[in-house]
Each structure stands twice: as structure tokens, then as C-alpha cells.
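Asker: All the letters of the sequence shown, read from the start, carry residue numbers 590 to 841 under my numbering.
C-beta: ideal position from N, C-alpha, C; glycine also.
Every value quoted in this text rests on a predicted model; they were computed, and no experiment measured them.
I have a structure I would like to understand better, so I am pasting it below and will then ask my questions one at a time.
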Amino acid sequence: MVGVSINTVTKLLVGAGKACAKCQYDSMRNLPCKSLQLDEIWAFVAAKEKNVATMAKPVTGAGSIWTWIAICAQTKLVPSWLVGLRDLTDASAFVCDLAGRLANRVQITTDGLKAYVQAMEDGFGGEVDHAVLVKVYGDEARDEARYSPPECVGCQKHASTGEPILSAASTSYIERQNLTLRMRSRRLTRLTNAFSKKLENLEHSIVLHFFAYNFITRHGAIRMPPALKAGVAKGVWAYEQLVELVDRGAAV
Numbered sequence: 590m591v592g593v594s595i596n597t598v599t600k601l602l603v604g605a606g607k608a609c610a611k612c613q614y615d616s617m618r619n620l621p622c623k624s625l626q627l628d629e630i631w632a633f634v635a636a637k638e639k640n641v642a643t644m645a646k647p648v649t650g651a652g653s654i655w656t657w658i659a660i661c662a663q664t665k666l667v668p669s670w671l672v673g674l675r676d677l678t679d680a681s682a683f684v685c686d687l688a689g690r691l692a693n694r695v696q697i698t699t700d701g702l703k704a705y706v707q708a709m710e711d712g713f714g715g716e717v718d719h720a721v722l723v724k725v726y727g728d729e730a731r732d733e734a735r736y737s738p739p740e741c742v743g744c745q746k747h748a749s750t751g752e753p754i755l756s757a758a759s760t761s762y763i764e765r766q767n768l769t770l771r772m773r774s775r776r777l778t779r780l781t782n783a784f785s786k787k788l789e790n791l792e793h794s795i796v797l798h799f800f801a802y803n804f805i806t807r808h809g810a811i812r813m814p815p816a817l818k819a820g821v822a823k824g825v826w827a828y829e830q831l832v833e834l835v836d837r838g839a840a841v
């Protein structure tokens with residue numbers, strides 16, 4: 590379609606992913622966030638979990654994979670994410686990384702995944718206000734609406750650590766970010782054959798998504814890229830600057 594080999598495109602993806610990952614890793618420090626929302630989004634690599642055992646050519650990292658994501662409620666910045674498994678090890682790694690980027694004590698809202706409780710202790714040592722929000726859904730959708738999510742009929746909130754303000758506990762922004770990720774990254778689109786064939790390529794793709802989201806794309810609610818709102822960037826990045834960033838990374 591573009592007249593170049595897939596290996597060339599993949600090489601560019603890897604180079605761009607590494608350059609953008611380093612830029613974001615270095616710049617996301619001492620962030621002024623006050624309230625964050627965390628969630629996990631599912632995808633798969635090479636094959637769905639049920640088919641991994643029968644793969645003709647086994648692939649490292651094949652099967653279900655989860656991307657842990659944090660979003661700042663005030664600036665809409667995504668300061669931290671992690672591609673891995675939905676277990677305590679990766680939950681702790683994700684929360685520890687997030688904790689190291691924040692300047693102040695924050696309120697965090699998560700779903701009811703039990704791994705978050707220990708992860709908060711590992712990352713913040715009790716110096717966090719953690720609220721848990723569990724949504725209550727109605728009956729499963731019927732056949733004619735089988736791909737539509739069930740209706741949310743209510744939610745339950747409780748304090749897990751510290752003294753969170755439960756009236757402010759919400760996961761609306763992170764759920765909207767999950768939708769944005771699925772719509773902008775073809776690898777995460779449901780019911781397609783566009784899924785990642787290699788874990789590494791999925792990781793680089795997600796890095797590029799969050800770089801464009803944080804530094805380039807003007808967020809509809811705040812009228813500027815989140816990195817500018819959070820004071821991480823001095824101006825709106827252009828895609829030409831992204832190309833220069835990738836070129837500098839390739840020259841190192």
C-alpha cells in the first residue's frame with residue numbers, strides 16, 4: 590500500500606517506540622496530579638488464550654495481555670502505563686512506577702481488582718487515598734445486542750486506603766481513555782484480525798499512542814494536549830518534531 594516492505598515499517602515502529610518511550614519516561618516527573626483513575630484493558634498477542642496451546646509456531650508472549658493505564662482527572666495526562674499480565678506482580682510494578690512520578694499525595698480510584706490493594710501498599714506505603722468503585726450491571730444482553738455492553742444499574746464505592754473523598758471517586762475518564770485507545774490503535778480493535786503478532790510490537794504501538802495523546806493531540810475537554818496542561822511540555826508538539834525525535838534516537 591505504501592511501497593515499502595513490512596520489515597521497514599516494523600523497524601520504524603520499533604525505533605519510534607523506543608524514542609518516544611525514553612522521552613516520556615524522562616519527562617513525566619514531579620507531576621502535579623491530585624486525582625487519578627486506574628484501569629486495565631484487555632488484548633491478545635498472536636492467538637487468543639484458548640488457542641495458544643495448539644499454535645503451530647509458538648510465540649513468546651502469546652495469549653491474553655493487559656495494558657494497565659493511569660489518567661490524571663485534572664489534566665487528562667496519562668503519566669504511566671504497563672503492558673503485562675493481570676496479576677499482582679505487574680499491578681505492583683505499574684503502581685510503583687506511577688508513585689515515583691507524582692509530586693504530591695493523591696486520590697486514586699480503581700475497580701475492584703484485588704491486586705490493587707497490595708499494589709497501593711507496595712507503591713505508596715499507605716501515603717495515598719485509594720477508593721474502590723465497583724459497577725453493578727443488569728442482565729446480559731440478548732442475541733440481537735450481544736456485542737453491546739450490559740447496562741450499568743448502579744455502583745458501589747468504598748475506601749481502601751487513607752481517606753478518599755468517595756463523592757469524587759470515578760472511573761469515567763479512564764474508561765473513556767480505554768475507548769480512545771481501542772479506536773486509535775487498530776491492534777486493540779475487537780473482532781478483527783489486526784491483533785499484534787508480537788508482544789514487542791504491541792508495546793511500541795501503545796507507546797506511540799500515548800505519546801501522540803499526551804504531547805500532540807488537543808484534548809477536547811481542556812483544549813490543549815495533556816502534557817502542556819500538566820506542565821510537562823512547553824508547547825504543542827508537531828509530528829515533524831516527533832520525526833526529529835525518532836531520528837535523534839536512531840543516531841545514538
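Output the boundary residues of the alpha helix (DSSP H) element that contains Q707.
Answerer: Run containing Q707: 704-713, per the alpha helix (DSSP H) assignment.
Asker: With H, G and I counted as helix, E and B as strand and the rest as coil, what does DSSP make of C622?
Answerer: coil
Asker: Rounded to whole angstroms, what is the Cα-Cα separation between T781 and P753?
Answerer: 40 Å
Asker: Here's the rule: buried if 16 or more other CB atoms are within 10 angstroms of the residue's CB, otherwise exposed. What is M772?
Answerer: exposed
Asker: Would you mind giving the Cβ-Cβ distance between A819 and C685, rounded to the nearest angstrom? I have them listed as a contact below 8 Å.
Answerer: Actually they are not in contact, since the Cβ atoms of A819 and C685 sit about 20 Å apart, beyond 8 Å.
Asker: Take Q696 and list the residues in its own chain whose beta-carbon comes closer than 6 Å to its own, dropping the five residues that flank it on each side.
Answerer: S624, D718, P753
Asker: Can we say the stretch 631-650 touches the stretch 612-620, given the rule of at least three CB pairs closer than 8 Å?
Answerer: no
Asker: Suppose contacts are defined by Cβ-Cβ distances below 9 Å. Is A692 in contact with A720 by that definition?
Answerer: no
Asker: What's the gap between the Cα of G673 and the Cα of D679?
Answerer: Their backbone Cα atoms lie some 6 Å apart in a straight line.
Asker: Return the residue from the list G712, Q626, Y828, N596 that minimises the CA-CA distance to G755.
Answerer: It is worth fixing the name first, because residue 755 is Leu in this sequence and not Gly. Ranking G712, Q626, Y828, N596 by Cα distance to L755 puts Q626 first.
Asker: Helix, strand or coil for Q663? Go by DSSP, reduced to three states.
Answerer: coil
Asker: If you follow the beta strand (DSSP E) that L722 is in, where does it begin and where does it stop?
Answerer: 718-726
Asker: Tell me the DSSP bridge mates of C609?
Answerer: Paired residue(s): none; C609 is not in a bridge.
Asker: Just to confirm, are L722 and A758 a CB contact at a threshold of 9 Å?
Answerer: yes
Asker: In its own chain, which residues sit with a C-beta less than 8 Å from the C-beta of S774, not counting the 5 before and 5 after it?
Answerer: S794, I795, H798
Asker: Between the C-alpha atoms of S681 and A605, what's the straight-line distance to the nearest angstrom?
Answerer: Each residue's Cα considered, the two are about 27 Å apart.
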